[in-house]
Amino acid sequence: MPINWFPGHMHATARAIKERMAAGLDVVVELLDARLPGSSCNPLLASLTAGRPSLKVLNKQDLADPAQTAAWLDCYNAQPDTRALPLDAGERSPARLITRACRELAPCRGELHKPLRVLICGIPNVGKSTLINTLAGKRAAKTGDEPGITKTEQKIVLEPGFYLFDTPGMLWPRIAVAQSGYHLAASGAIGRNAFDEAEVALELVAVLARRYPERLRQRYGLAELGGPGGEEAVLEAIGLKRGAKVRGGAVQMHKAAEALLMDFRQGLLGRITLETPEEMAGWRRAAAEDEARQAAAREAARQADKARRSGRRRDDAADAGDAGT
Ligand SMILES: Nc1nc2c(ncn2[C@@H]2O[C@H](COP(=O)(O)OP(=O)(O)OP(=O)(O)O)[C@@H](O)[C@H]2O)c(=O)[nH]1
Ligand SMILES: [Mg+2]
Numbered sequence: 005m006p007i008n009w010f011p012g013h014m015h016a017t018a019r020a021i022k023e024r025m026a027a028g029l030d031v032v033v034e035l036l037d038a039r040l041p042g043s044s045c046n047p048l049l050a051s052l053t054a055g056r057p058s059l060k061v062l063n064k065q066d067l068a069d070p071a072q073t074a075a076w077l078d079c080y081n082a083q084p085d086t087r088a089l090p091l092d093a094g095e096r097s098p099a100r101l102i103t104r105a106c107r108e109l110a111p112c113r114g115e116l117h118k119p120l121r122v123l124i125c126g127i128p129n130v131g132k133s134t135l136i137n138t139l140a141g142k143r144a145a146k147t148g149d150e151p152g153i154t155k156t157e158q159k160i161v162l163e164p165g166f167y168l169f170d171t172p173g174m175l176w177p178r179i180a181v182a183q184s185g186y187h188l189a190a191s192g193a194i195g196r197n198a199f200d201e202a203e204v205a206l207e208l209v210a211v212l213a214r215r216y217p218e219r220l221r222q223r224y225g226l227a228e229l230g231g232p233g234g235e236e237a238v239l240e241a242i243g244l245k246r247g248a249k250v251r252g253g254a255v256q257m258h259k260a261a262e263a264l265l266m267d268f269r270q271g272l273l274g275r276i277t278l279e280t281p282e283e284m285a286g287w288r289r290a291a292a293e294d295e296a297r298q299a300a301a302r303e304a305a306r307q308a309d310k311a312r313r314s315g316r317r318r319d320d321a322a323d324a325g326d327a328g329t
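As numbered in my numbering, residues 5 to 329 make up the sequence shown, in order.
Okay, here's the thing in structure tokens:
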């Protein structure tokens, strides 16, 4: 499922981040969703903020599988110039770890005449504004349970000499890894009208049946999860349990999908992480190979077209020569 959700305010955010980089920025805090720590890492943000110390915060860890959170923290902490921390943005004391880490990443800043300037960024709905409010100890930024709540950049003076910049959630123009598109949509990072809920729910069933089958069985009282390709039957059974039937008994698949996605987003299926570092590396490799193949095919078609056109020009010139003799 190709997802391309890059509305106007995301273009404006990319421009604002470029300007902020030019004006001076000391630390980039990228909030990742701990349920999808690879898919929620934005390659566009990485290129816009290249060269600045980066702190990756695995937020919503209260909803994620603790063993997987530990594996992803190891993976990010092994990257150069990168620190990673787990967080539940609403909790006061762990959030303080972030201010401490920022000070450590930019030890020469943090005074009135040399303020520490921290960019808080990440995909939509990941908890950026919630974290800022927790750090500020007041409702400094607007929050809400849907993507696209913050619309423009906002500066928050945490204390004299420590500035935070809240930014609107940003994705990237073309999400090449198909699984990432599904995981982002399942998490609630993508606008409702930009994807097909049933398709995303079927993919979520497949991931849950593979990684957390007991949770699916328990939550919906299912005896059988079926074999490969049996996701539709499982989603239908979920719909039956959740009253997604129309008169006559047929299950409305979009209602079943909505129910499953809502349960997942609210953590009612337990603590779940959709992807491992190894899986993500494999998907990225496959997407890059696919892209290279497509680029080679495009280039071959361009060359063939060029050869055809120059052949036609030669024929025309020969015809013109014959007519002249
Ligand atoms: N369970 C859980 N929910 C969280 C956490 N952090 C934020 N939320 C919820 O996630 C939703 C989005 O939070 P926001 O702070 O508005 O997210 P944002 O990243 O600023 O979103 P945009 O401005 O739309 O990009 C809200 O319903 C928050 O209550 C967390 O650590 N755990
Ligand atoms: Mg926000």
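Where a beta carbon is used, it is the ideal one built from N, C-alpha and C, also for glycine. Computed from a predicted structure; not experimentally measured.
Boundaries of the beta strand (DSSP E) harbouring Tyr167: Phe166 to Asp170, taken from the DSSP string. The criterion of a C-beta distance shorter than 8 Å is not satisfied by Leu135 and Leu162.
For ligand 2, no non-hydrogen atom lies closer than 7 Å to the CB of Asp37. Per the coordinates, the alpha-carbon of Arg306 lies some 10 Å from the alpha-carbon of Ala299.
Ligand 2 has a heavy atom closer than 7 Å to the beta-carbon of Asp170. Inter-segment contact for the segment 14-29 and the segment 144-159 is present: three or more beta-carbon pairs are separated by less than 8 Å. For secondary structure counted as the alpha helix (DSSP H) over 4 or more consecutive residues, the segment 199-258 holds these complete runs in sequence order: 201-215, 217-224 and 235-245.
In chain order, Glu34, Leu49 and Thr171 place their CB closer than 6 Å to the CB of Cys125, counting only its own chain and leaving out the 5 sequence neighbours on each side. DSSP, reduced to helix, strand and coil, places Thr53 outside both helices and strands of the structure shown, so it counts as coil. Annotation for Leu109 indicates a beta carbon at 7 Å or more from all heavy atoms of ligand 1. No Cβ-Cβ contact shorter than 8 Å links Ala263 with Ile276. In this structure Asp69 is buried. Its beta-carbon is surrounded by 16 or more other beta-carbon atoms within 10 angstroms. Counting the other Cβ atoms within 10 Å of the Cβ of Asn197 gives fewer than 16, which makes it exposed. Closer than 7 Å to some heavy atom of ligand 1: that describes the Cβ of Ile153. At least one heavy atom of ligand 1 sits closer than 7 Å to the Cβ of Asp92. In terms of side-chain proximity, the C-beta atom of Lys159 is found no nearer than 7 Å to any non-hydrogen atom of ligand 2.
Residue environment for Val250: exposed (fewer than 16 other C-beta atoms within 10 angstroms of its C-beta). Within the DSSP secondary-structure output, Pro90 pairs in a beta bridge with Leu62. Counting only residues of its own chain and dropping the five nearest sequence neighbours on each side, Lys146 has a CB closer than 8 Å to the CB of Ser133, Ile153 and Thr154. Collapsing the DSSP output to three states places Asp37 in a strand. Shown here, Lys146 sits in coil according to DSSP, grouped into three states, outside any helix or strand. Here the C-alpha atom of Leu123 lies approximately 27 Å from the C-alpha atom of Leu278. The DSSP-derived three-state label of Lys155 is coil. A Cβ-Cβ separation of about 7 Å places Ser44 in contact with Ala193 under the 8 Å criterion. Counting along the chain, Arg121 sits inside the beta strand (DSSP E) bounded by residues Leu120 to Gly126.
Residues of the same chain with a CB within less than 7 Å of the CB of Ala210, apart from the 5 flanking positions on each side, are Glu235 in chain order. Placement of the Cβ of Lys64 at a distance of 7 Å or more from every heavy atom of ligand 2 is found. In the DSSP assignment, Glu163 is bridged to Phe166. Annotated as distal: Gly274 and Arg221, with beta-carbon spacing of 8 Å or more.
If you draw a 10 Å sphere on the C-beta of Gln83, you find fewer than 16 other C-beta atoms in it, and that means exposed. Comparing alpha carbon positions, the residue from Ala189, Gly271 and Ala202 closest to Ala248 is Ala202. Straight-line measurement puts the Cα of Asp309 at about 43 Å from the Cα of Pro41. Ranked by Cα distance from Trp9, the first of Ala324, Gly195, Glu150 and Asn137 is Gly195.
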